[in-house]
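Peer 1:
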Amino acid sequence: MPIGFSILADGDEHINQLNKLLPSLQNKNLYISTNDEAKILNNNYKIIINKEEFNYNKKIFPLEVVLKENNVVVCLDTDIRFVKNLEMNELNNLEDGLYVFWVGKTQMYKN
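So the number in this note's numbering is just where the residue sits in the sequence shown, counting from 1, plus 618.
1) Kindly identify the DSSP beta-bridge partner or partners of Ile-621.
2) Comparing alpha-carbon positions, which option in Leu-643, Ile-650, Asp-654 lies nearest Ile-626?
3) Quick check on the DSSP output: the beta strand (DSSP E) that includes Leu-648 runs from which residue to which?
4) Leaving aside the five residues before and after Pro-620 along the sequence, list all residues of the same chain whose C-beta is less than 8 Å from its C-beta, in chain order.
5) Please report the straight-line C-alpha distance between Cys-693 and Ala-656, rounded to a whole angstrom.
6) Which class does Leu-626 belong to by DSSP, given the choice of helix, strand or coil?
7) Write down the C-beta distance between Leu-681 and Ser-624 rounded to the nearest angstrom, noting that I regard them as a contact closer than 8 Å.
8) Cα-Cα, which of Asn-637, Asn-710, Asn-711, Thr-696 is closest to Asn-662?
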């Protein structure tokens with residue numbers, strides 16, 4: 619069952635956050651929606667260019683592409699950090715479909 623990761627990175631702040639996150643997503647099937655592909659440091663990923671003005675509804679653009687090519691989609695925000703290796707075991711056991719849940723036991727916000 620293919621798993622795709624979807625992320626929206628528009629504007630300098632989100633692209634900078636994404637660039638810090640990318641090392642922890644190496645070898646992942648990552649789809650990035652952005653308005654500025656040139657600023658993404660390692661673009662060995664599938665890039666979806668979207669020049670519309672930023673709003674959070676733009677998260678739908680990479681999601682639509684990922685769903686065409688994968689059975690499971692994990693939507694990520696640019697400001698997350700993994701405190702340990704991203705394990706795929708839990709995700710591999712999911713049946714095809716749509717799920718909404720938190721991965722991990724804690725959620726922390728940083729100002």
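A virtual CB, placed ideally from N, CA and C, is assigned to each residue, including glycine.
Peer 2: Looking at the atomic coordinates:
1) On the sequence shown, residue 621 is found 3 positions in, with the first residue counted as 1. In DSSP, Ile-621 forms a bridge with Val-690.
2) Indexing the sequence shown from 1 puts residue 626 at position 8. A small fix is needed here, since residue 626 is Leu in this sequence, not Ile. When each option's Cα is compared against that of Leu-626, the closest is Ile-650.
3) Residue mapping note: residue 648 aligns to position 30 of the sequence shown, counting from 1. Note, Leu-648: beta strand (DSSP E), 648-652.
4) The sequence position of residue 620 within the sequence shown is 2, counting from 1. Hits under 8 Å: Asn-647, Glu-687, Asn-688, Asn-689, Val-690.
5) Position 75 of the sequence shown, counted from the start, is the residue given in the question as residue 693. Position 38 of the sequence shown, counted from the start, is the residue given in the question as residue 656. Roughly 22 Å separates the two Cα atoms.
6) Translated into the one-based positions of the sequence shown, residue 626 becomes position 8. Looking at Leu-626 - three-state DSSP - the assignment turns out to be strand.
7) Position 63 of the sequence shown, counted from the start, is the residue given in the question as residue 681. Position 6 of the sequence shown, counted from the start, is the residue given in the question as residue 624. Under the criterion of beta carbons closer than 8 Å, Leu-681 and Ser-624 qualify as touching, at roughly 5 Å.
8) Numbered from 1 along the sequence shown, position 44 holds the residue referred to as residue 662. Ranking the options by Cα distance to Asn-662, first place goes to Asn-637.
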